[in-house]
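S.K.: Quick one: the structure is below, questions incoming.
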Amino acid sequence: MAVSAFAGEIPRPERRSGYDFMSRETRAMQDDDTANPGLLWVLEGETLWNRKTGAAGRACADCHGDARTSMKGVAARHPAFDASRGRPVSLEQRINRCRTDRQQAPALAWESRELLALTAYVARQSRGLPIDIVIDQRTQPFLDAGRATWNRRQGQLNLACSQCHDDNWGRQLAGNVIPQAHPTGYPLYRLEWQGLGSLQRRLRNCLVGIRAEPYEFGAPELVDLELFLMWRARGMAIEAPAVRP
Amino acid sequence: MASALVNVPARARRGAVIEIKTLISHPMETGYRRTQLGAPIPRDIIRLFVCTYNGTEVFRAELHPAIAANPFFAFSTVATESGTITFHWTGDNGFSVTESAAITVD
């Protein structure tokens, strides 16, 4: 039931990463580790990974060891179900849960440099791996909720996500090509932002674009939408940290 | 955070043209913007970038407002001898970062 085709859904062979819609120069920027500014955050994330913090005086590395092996593939399967919360959590929320529970440190603020750096460092370890979202009994309702948000018209422009990204991808929206909205590279460096940002920041951007009231960072609606988008992009390779125009 | 990424080929043949790439993290606040209350946001940019090869200056760039956040430089030089290539960024508010990379020329 979960894999039945929906009206307007993009067939698997036609799925394309936002990378394929970019200019040659921007692609070169993403591909070159010295030109990709996202690597600056990865570098900082590595420092944070090994730094002891919180009342527990523990670093991420004290439990998880070398991120290059222990964090491999982790970003590819988030948002993932968290039994204690009874719902899927995004990678950022997972990192913050580790911080508050295991390190006994205050949670990092959304879009703060530290949280983006740690997320980028963890996500980087999954580069090239296929997105692997497993939908089971527990996560099915959240996937359905995400899909409902995706297909729901909202905002003053009365647009649904699917109207642009399923039905009109590849066409122009003013000067830009509409991508298919596959979240393969988050957190990513957006030239428009001149900085790194999370998928939720991007989703909130889009919501403002259709003149809807954006959900708060960490809102269940955003996490469900993240889950749906990652499931929709299942099998595509992780590019984090990507570069986008 | 003041971190920089530099890319220098580890080995090169004598006389070869090598490409050097650098990227540094910096907000590059132009000084032209204002807060929502109308107060000007003071300028905070990198003013100067200098690259020296065994003490000899091979590349210099002066930066001005509204270039780019996280400035990226790619330039080339001739591999003359083994040694150290040093990169130095200086800017407003006492910003100063030095990085270096070793190169073997044979």
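Chains as they are written, first to last, in my numbering: chain A, 340 to 584; chain B, 1042 to 1147.
Built from N, CA and C at the ideal position, the CB exists for glycine as well.
Owing to the predicted nature of the structure, the values given are computational and were not obtained by experimental measurement.
Inspect the CB distances between the region 400–419 of chain A and the region 348–359 of chain A and report whether three or more fall short of 8 angstroms.
M.R.: no
S.K.: From this set, A:W532, A:D483, A:C437, A:A581, which residue's C-alpha is nearest A:L561's C-alpha?
M.R.: If you number the first sequence from 1, residue 561 of chain A lands on position 222. The residue with the shortest Cα to Cα distance from A:L561 is A:D483.
S.K.: I want to see whether chain B comes within less than 8 angstroms of A:G524, judged by CB atoms only; does it?
M.R.: By one-based count along the first sequence, residue 524 of chain A stands at place 185. Chain B contact via Cβ: absent.
S.K.: Name the chain B residues whose beta carbon is nearer than 9 angstroms to that of A:T373?
M.R.: Residue numbering aside, residue 373 of chain A sits at position 34 when the first sequence is read from its first letter. L1046, V1047, N1048, K1062, T1063, L1064, F1113, A1115, listed in chain order.
S.K.: Run through the DSSP bridge pairs and tell me what A:Y528 is partnered with.
M.R.: Here residue 528 of chain A refers to the residue found at position 189 of the first sequence. In the DSSP output, where bridge partners are listed per residue, A:Y528 has A:L535, A:V582.
S.K.: If we count Cβ pairs, one from each stretch, closer than 8 angstroms, do we get three or more for the region 452–460 of chain A versus the region 379–388 of chain A?
M.R.: yes
S.K.: Would you call A:N375 buried or exposed, if buried means 16 or more other Cβ atoms sit within 10 Å of its Cβ?
M.R.: Within the first sequence, residue 375 of chain A is the residue found at index 36, counting from 1. Buried is the call here.
S.K.: What is the rounded straight-line gap between the Cα of A:V547 and the Cα of A:L447?
M.R.: Residue 547 of chain A sits at position 208 when you count from the first residue of the first sequence. Residue 447 of chain A sits at position 108 when you count from the first residue of the first sequence. So the two alpha carbons sit approximately 24 angstroms from each other.
S.K.: So if I threshold CB-CB distances at 9 angstroms, which residues from the region 1097–1113 of chain B count as touching chain A?
M.R.: Per Cβ criterion, the list reads A1109, A1110, N1111, F1113.
S.K.: Which word fits A:R583, buried or exposed, when buried means at least 16 other C-beta atoms lie within 10 angstroms of its C-beta?
M.R.: Numbered from its first residue, the first sequence carries residue 583 of chain A at position 244. With 16 or more Cβ atoms within 10 Å of its Cβ, A:R583 is classed as buried.
S.K.: Let me know if B:V1058 comes out buried or exposed under the rule of 16 or more other beta-carbons within 10 Å of its beta-carbon.
M.R.: The count along the second sequence starts at 1 and reaches residue 1058 of chain B at position 17. With a 10 Å radius around the Cβ and a threshold of 16 neighbouring Cβ atoms, B:V1058 comes out exposed.
S.K.: Have a look at B:D1147, B:S1141, B:T1145 and flag the residue whose alpha-carbon is nearest the alpha-carbon of B:V1047.
M.R.: Reading the second sequence from its first residue, position 6 is the one you call residue 1047 of chain B. The candidate whose alpha carbon is nearest that of B:V1047 is B:S1141.
S.K.: Distance, Cα to Cα, A:T392 vs A:V516?
M.R.: Translated into positions along the first sequence, residue 392 of chain A becomes position 53. Translated into positions along the first sequence, residue 516 of chain A becomes position 177. Between A:T392 and A:V516, the C-alpha separation is close to 43 angstroms.
S.K.: Counting pairs of beta carbons, one from the region 404–411 of chain A and one from the region 472–482 of chain A, are three or more of them closer than 8 angstroms?
M.R.: The way I'd put it, the region 404–411 of chain A doesn't touch the region 472–482 of chain A; fewer than three beta-carbon pairs between them come closer than 8 angstroms.
S.K.: Ignore the nearest five residues each way along the sequence and tell me which others in A:M368's own chain have a CB closer than 7 angstroms to its CB.
M.R.: Within the first sequence, numbered from 1, the residue matching residue 368 of chain A stands at position 29. Around A:M368: A374, N375, V582.
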